[in-house]
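Asker:
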Amino acid sequence: MSFSADWLTLREPFDRAARNEKVLDAVVAAFAGRPAIGIVDIACGTGSTLRALSPRLAARQNWRLVDNDLSLLARAAAASSPQARVTTMPVDLVRDLEMALDGPIDLITTSALLDLVSDEWLERFAIEAAARRLPVYAALSYDGRAELAPADAYDARIVAAVNAHQRGDKGFGPALGPEAARAAVTRFEKVGYAVTHGEADWVFGPQDREIQNQTLAGWATAARENGLPLADVANWLTRRRDLVASGRSSIRVGHLDLFARPTSTR
Ligand SMILES: C[S@@+](CC[C@H](N)C(=O)[O-])C[C@H]1O[C@@H](n2cnc3c(N)ncnc32)[C@H](O)[C@@H]1O
29 MSFSADWLTL REPFDRAARN EKVLDAVVAA FAGRPAIGIV DIACGTGSTL RALSPRLAAR
89 QNWRLVDNDL SLLARAAAAS SPQARVTTMP VDLVRDLEMA LDGPIDLITT SALLDLVSDE
149 WLERFAIEAA ARRLPVYAAL SYDGRAELAP ADAYDARIVA AVNAHQRGDK GFGPALGPEA
209 ARAAVTRFEK VGYAVTHGEA DWVFGPQDRE IQNQTLAGWA TAARENGLPL ADVANWLTRR
269 RDLVASGRSS IRVGHLDLFA RPTSTR
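In structure tokens, the structure reads:
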């Protein structure tokens, strides 16, 4: 599955505003007083997590940015700053997750990844993190909640179809989709981690027309692929776009952030 740099750029400010402060504070507190840390950001895209987290950390940082999309990785390389040294590593996380995590790493980060992965891959990820005693900050996993205002009678059908579509294979096997974040909390607790988690919802106001239109178009495509009738989906999309164009539409999309920390030390 590929993600366009344009889409990742469009969503980044909304991701940043959505990131759960309590979870971010827990990440920062875990590394207080450390002069230097090594961080691997898996499925980094263009480096959104680095840009959100790096300024909050007092330590010097070595970031390893990992993705299987070479054009996104090339953009991520530019995320380097005096405080954050960046190296990029092309890795297919299905085949070579373990390779991505090896070496001098103190923290694993990721964002908008867990809802794409299967339960089997999530278990492997939790085991590999635990084997290395590495904390994990996983942000912005879609959790199945989508609220549109004003409401349309067809919204619920679309959201149900989108959530079913989310469970399709995104390259990691059948995806956990909306169940991913809660499944991750359970998985990490099972391997002896303490988990801080909280909601991290996108909030699109009436002026946020472009992201609303792109989100609605993506949902319409997913709903069609999941079997909803073309005419019904097209009519729904037209009604919702009219609301966006007239500045009367708001959308909230539910996400969950988590910070999972081993309770025994290295
Ligand atoms: C929704 S994007 C999130 C990107 C970034 N973390 C962010 O929040 O902007 C998902 C990312 O997962 C990457 N990805 C998907 N499958 C992958 C795989 N098998 N191996 C490595 N990266 C993968 C994509 O290339 C993309 O960058």
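According to my numbering, the sequence shown is numbered sequentially starting from 29.
Ideal placement from N, C-alpha and C gives every residue a C-beta, glycine not left out.
Predicted model, so just to flag it, every value in this text is computed and none were measured.
Say the cut is 6 Å; is the CB of F31 nearer than that to a heavy atom of ligand 1?
Answerer: For ligand 1, at least one heavy atom lies less than 6 Å from the Cβ of F31.
Asker: Is A262 near ligand 1 - that is, is its Cβ less than 6 Å away from at least one heavy atom of it?
Answerer: no
Asker: In terms of residue numbering, what span does the alpha helix (DSSP H) encompassing S99 cover?
Answerer: Element bounds for S99: 98-104.
Asker: Is N48 near ligand 3 - that is, is its Cβ less than 6 Å away from at least one heavy atom of it?
Answerer: Although ligand 3 was asked about, the structure shown includes only ligand 1 as ligands.
Asker: Nearest-angstrom Cα distance between I155 and V219?
Answerer: 7 Å
Asker: Going by beta carbon distance, what residues of the same chain come within less than 6 Å of D25, once the five residues before and after it are set aside?
Answerer: Beyond the ends of the chain as shown, which are 29 and 294, falls residue 25; an answer cannot be given.
Asker: Considering only the alpha carbon of each residue, which of A45, A250, G226, R269 lies closest to A3?
Answerer: As shown, the chain starts at 29 and ends at 294. That puts residue 3 outside it, with no answer to give.
Asker: Ignoring anything shorter than 4 residues or poking outside the region 148-226, list the alpha helix (DSSP H) runs there in chain order.
Answerer: 183-193, 208-218
Asker: Which first and last residues belong to the alpha helix (DSSP H) in which F42 is found?
Answerer: 33-46
Asker: In whole angstroms, what is the alpha-carbon distance linking N96 and L142?
Answerer: 16 Å
Asker: Ligand 1 heavy atoms versus the CB of G61: any closer than 6 Å?
Answerer: no
Asker: How is N254 classed by DSSP in three states: helix, strand or coil?
Answerer: coil
Asker: Taking DSSP as the reference, what is the three-state secondary structure of P290?
Answerer: strand
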